[in-house]
Structure formats: C-alpha cells, structure tokens
Amino acid sequence: MAAAQREVWTGAQLRRLLADKAGLELSSASISALMTQQPSQIKLATLAALCQALDCTANDLLELDTTTDIGNGTPSTPVTQEPLRAAAGQERSRAARNTPPPF
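When you line the sequence shown up against numbering that gives the first Met the number 0, it's residues 0 to 102, in that order.
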C-alpha cells in the first residue's frame with residue numbers, strides 16, 4: 000500500500016526507486032517477489048532501503064498477524080485467506096495481482 004500511495008505500480012519503478020534513493024540493487028526476480036508475494040522473511044537492510052525509497056516507516060510496510068497461536072505457531076482464526084496462501088508460498092490470484100503491492 001505504501002508503494003501505491005507513492006504511485007509505484009511496477010517492479011521497474013520500485014527497482015529504479017530503490018537504486019536511486021537507497022542505493023540498493025535487487026534482481027528483477029526479487030522485486031517481483033516483493034510485489035506479488037508476502038515474504039516470510041526480509042533482511043533488515045532491504046526493509047530499511049524500502050522505507051528510505053518509499054519515504055515511509057516499517058510500520059507502513061509491516062502488518063502484525065495477531066491470529067498466530069504462539070504455543071504451536073499456527074494461525075488460530077485467520078482474518079483472510081490471502082496471507083495464508085502467500086505464507087504457504089502460493090502465488091496470488093490473477094485478480095489479486097492487479098491490486099496494489101502488499102506494502
């Protein structure tokens with residue numbers, strides 16, 4: 000969502016912004032994954048570069064999943080199915096790919 004608020008709609012735009020504003024060079028595949036999937040992990044340097052390039056904070060990019068049961072690490076009652084598919088490594092649906100990036 001932070002990317003969409005800054006009119007960043009394509010991987011090429013995000014890649015250029017990261018290089019120009021934050022000095023971070025990511026592969027096209029990495030950019031594509033960031034824009035189409037919910038990452039299970041992210042390097043702090045990448046998160047910092049995204050924040051710098053998009054002029055936002057980590058709070059604008061991250062969403063806390065409070066549905067996870069800490070005891071066994073499984074979601075107790077998921078809010079939506081989309082984060083579960085992304086967490087399982089499944090690609091977003093065609094309709095979901097036409098929506099703004101998840102950050």
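A virtual CB, placed ideally from N, CA and C, is assigned to each residue, including glycine. This structure is a prediction, so every number in the text was calculated from the model and none was measured.
{"Check": "Among 22, 35, 19, 25, the one whose alpha carbon lies nearest that of residue 8", "Outcome": "35"}
{"Check": "Residue 21 - containing alpha helix (DSSP H), residue span", "Outcome": "Where residue 21 is concerned, there is no enclosing alpha helix (DSSP H), given that its DSSP letter is neither H nor E."}
{"Check": "Euclidean distance between Cα positions of residue 29 and residue 12", "Outcome": "13 angstroms"}
{"Check": "Of the residues 24, 62, 56, the one placed nearest residue 39, counting alpha carbons only", "Outcome": "62"}
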